[in-house]
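Novice: In mature numbering (1 follows the signal peptide of the UniProt record, and there is no 0), the protein residues as written are -26 to -1, 1 to 443.
Just so it is clear, CB atoms sit at the ideal spot from N, CA and C, and this is done for glycine as well.
#1: Should the region 285 to 297 be called in touch with the region 78 to 95, which here means at least 3 C-beta pairs below 8 Å?
#2: In terms of residue numbering, what span does the alpha helix (DSSP H) encompassing residue 212 cover?
#3: Would you mind reading off the limits of the beta strand (DSSP E) that contains residue 140?
#4: Where does residue 282 land, buried or exposed, given buried means 16+ other C-beta within 10 angstroms?
#5: Does the distance from the C-beta atom of residue 372 to that of residue 379 stay below 8 Å?
#6: By the DSSP assignment, the beta strand (DSSP E) with residue 355 in it spans what residues?
#7: What residues match up with residue 309 in a beta bridge as DSSP calls it?
#8: Whole-angstrom Cβ separation of residue 264 and residue 287, contact assumed at under 8 Å?
#9: Verify whether the separation of the beta carbon atoms of residue 392 and residue 418 is less than 8 Å.
#10: How about residue 280 and residue 259: are their beta carbons less than 8 Å apart?
#11: Does the region 209 to 225 come into contact with the region 150 to 164, if we say contact requires no fewer than three beta-carbon pairs (one atom in each stretch) closer than 8 Å?
#12: Exposed or buried, which one is residue 442 when buried takes at least 16 other CB atoms within 10 Å?
#13: Please look up how many angstroms separate the CB atoms of residue 237 and residue 113, rounded, as I've assumed it's under 8 Å.
#14: Per the contact definition of three or more C-beta pairs closer than 8 Å, is the region 402 to 411 in contact with the region 328 to 346?
#15: Check whether the Cβ atoms of residue 139 and residue 182 lie closer than 8 Å to each other.
#16: Which word fits residue 250, buried or exposed, when buried means at least 16 other C-beta atoms lie within 10 angstroms of its C-beta?
#17: Spell out the partners DSSP gives residue 193 in its beta bridges.
#18: Closer than 8 Å is the cut-off here; do at least three beta carbon pairs connect the region 170 to 177 with the region 142 to 159?
#19: Would you give the residue range spanned by the beta strand (DSSP E) that residue 256 belongs to?
#20: Suppose you measure from the CA of residue 115 to the CA of residue 322; what does that come to, to the nearest Å?
#21: Mapping DSSP to helix, strand and coil, what is residue 289?
#22: Using the Cβ count rule (16 or more neighbours within 10 Å means buried), how would you classify residue 362?
#23: From the DSSP output, in three-state form, read off residue 185 for me.
#24: Pick helix, strand or coil for residue 117, following the three-state DSSP scheme.
#25: Measuring CA to CA, which of 438, 347, 278 and 318 is closest to residue 456?
#26: Residue 152 and residue 275: beta carbons closer than 8 Å?
#27: Buried or exposed: where does residue 267 fall if 16 or more other Cβ atoms within 10 Å of its Cβ makes it buried?
#28: Whose CA, out of 315, 165 and 337, lies closest to the CA of residue 331?
#29: In chain order, what residues of the same chain have a beta carbon less than 6 Å from the beta carbon of residue 202, not counting five sequence neighbours either side?
#30: Buried or exposed: where does residue 68 fall if 16 or more other Cβ atoms within 10 Å of its Cβ makes it buried?
#31: Within the same chain, show all residues whose beta-carbon is closer than 8 Å to that of residue 306, passing over the 5 residues directly before and after it, in chain order.
#32: Measure from the alpha carbon of residue 327 to the alpha carbon of each residue in 76, 137 and 243, then state which is nearest.
#33: Assuming residue 333 contacts residue 290 under a Cβ cut-off of 8 Å, what Cβ separation, rounded to an integer in Å, is found between them?
#34: Relative to the C-alpha of residue 227, which candidate in 156, 346, 75 and 434 has its C-alpha closest?
#35: Taking the alpha-carbon positions, what's the residue 196 to residue 180 distance?
#36: Go ahead and pull the three-state DSSP assignment for residue 271.
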């Protein structure tokens, strides 16, 4: 992760430099009557071909350094925001790198990230940027996820002529409704910025309140040095925008995490409990219980059930208050499958579950044979081995599937030893309750006059039988 932070941070840093210098309220520069063009970065040519340097334009330099610190923090924050969404694991990890360290602490309830970058930074600045982020992984009992995001940067230009200290803090929340849908971020942001150049310092301390999807409002300048100006407030505002953008990105990742079912456990109990190889037309009651993973409490909200396969689910596709009850009726035919999918939604998040059902193949009674041989037997499952016996002969059937396979027989028929083998096919009526089995192959009989061999077929009629245990 450390190398990714460095690579992405360097790749996106140009955006921060432009955000730091561009769009500022322009100020005249030492005797010139015209304002600087935006965007203008350190080392970039100005309109008259001269090179803008820190000592020439302290306003632009200070804004650039402040923007730089915010972007480094923002990039790291965006990456860390993916931690909760990518892995449910808990624990602490520390990733050192040549330009700093990243420490991540993941618990059942929250993620905390600390990123410390020191030394030479992209863009020619030097110093330290320390970012701390904490956010809840899942909504609390009131449906809120909280995020706190703080970045402190102490930076200087390559020549050391200008230094910038910025402390930026975002305290935000996102509110989830009873349908597990998140409202836009609500945040209080504060930026304290001090720029020192040529032995003189100027500073501003500005706060903003953002209420969901409304425009930023209630801007308040808490403090400002006498020599500060609109450009300093505008610079702080751009840092505010970058910080809130990062917080919004983290929240977007967390919304996906919540939607994927990571915050609510949905258990589905059926009565009766046995759901496999049930008699056709069996009826079940399904009880769906959503519980918050963080505290095990009932999540409330609603549950929607949908049916994939046969036969009937009631109610289907309708929101039912949790804990929710549904009735499922299995298909009237044998060898059928169905799945009931359940989705719980509440201010605690989303819960996902599914319940599978299948009807057993109808038990069949086989009766038939050929010539002097007559055999009978019960077929509980046509896809598993079964036996048909009679007249002193036993037939062992080995299915390849529920409709065909091989068989062998041996015994004593009319005082003579007989044996043989062959293949068989089994066909059923549309409802699976009746059918026919035809076994064809070669057989041998041992007599005092020798052993004789012949080819033939046995035909068995299949009729309903009582269910097998």
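Specialist: Short version:
#1: Below 8 Å, too few C-beta pairs join the region 285 to 297 and the region 78 to 95 to call them touching: fewer than three.
#2: 204 to 233 is the span of the alpha helix (DSSP H), which, as asked, contains residue 212.
#3: Looking at the DSSP string, the run of the beta strand (DSSP E) that includes residue 140 is 136 to 149.
#4: Per the 10 Å Cβ criterion, exposed.
#5: It is a contact, given that the beta carbons lie within the stated cut-off.
#6: Counted as a single uninterrupted DSSP element, the stretch harbouring residue 355 is not any beta strand (DSSP E), since DSSP gives it neither H nor E.
#7: Answer is none; residue 309 lacks a bridge partner.
#8: Contact flag wrong, Cβ pair sits at about 18 Å.
#9: Against a cut-off of 8 Å, the Cβ pair of residue 418 and residue 392 comes out as a contact.
#10: Here residue 280 is not near residue 259, since their CB atoms are 8 Å or more apart.
#11: Output reads yes: the region 150 to 164 touches the region 209 to 225.
#12: By the 10 Å Cβ count, residue 442 comes out exposed.
#13: That belief holds up - the Cβ atoms of residue 237 and residue 113 are roughly 7 Å apart, short of 8 Å.
#14: With a cut-off of 8 Å on Cβ pairs, the region 328 to 346 is in contact with the region 402 to 411, counting three or more such pairs.
#15: Contact: no.
#16: Result: exposed.
#17: Bridge partners of residue 193: none, in fact.
#18: The region 170 to 177, when compared against the region 142 to 159, does not touch it at the 8 Å Cβ threshold.
#19: No beta strand (DSSP E) holds residue 256; DSSP gives it neither H nor E.
#20: Taking the straight line from one Cα to the other gives about 7 Å.
#21: Residue 289 carries a coil assignment under DSSP once its states are collapsed to helix, strand and coil.
#22: Around the beta carbon of residue 362, 16 or more other beta carbons sit within 10 angstroms, so the residue counts as buried.
#23: Residue state, collapsed to three classes: coil.
#24: The three-state reading of DSSP puts residue 117 in coil, since its state is none of H, G, I, E or B.
#25: No statement about residue 456 is possible, as the shown extent of the chain runs from -26 to 443 and does not include it.
#26: Yes, they are a contact pair.
#27: Answer is buried; the Cβ neighbour count reaches 16.
#28: Checked all of 315, 165 and 337; the closest Cα to residue 331 is 315.
#29: So the qualifying residues of the chain are 176 and 178.
#30: Burial state of residue 68 is exposed, judged by a 10 Å Cβ sphere holding fewer than 16 other Cβ atoms.
#31: Taken in chain order, the residues that qualify are 254, 255, 285 and 405.
#32: Here the closest residue by C-alpha is 243.
#33: Not a contact, Cβ separation roughly 19 Å.
#34: The shortest Cα separation from residue 227 among 156, 346, 75 and 434 belongs to 156.
#35: When rounded, the distance between both Cα atoms is 6 Å.
#36: Residue 271 falls in the coil class under three-state DSSP.
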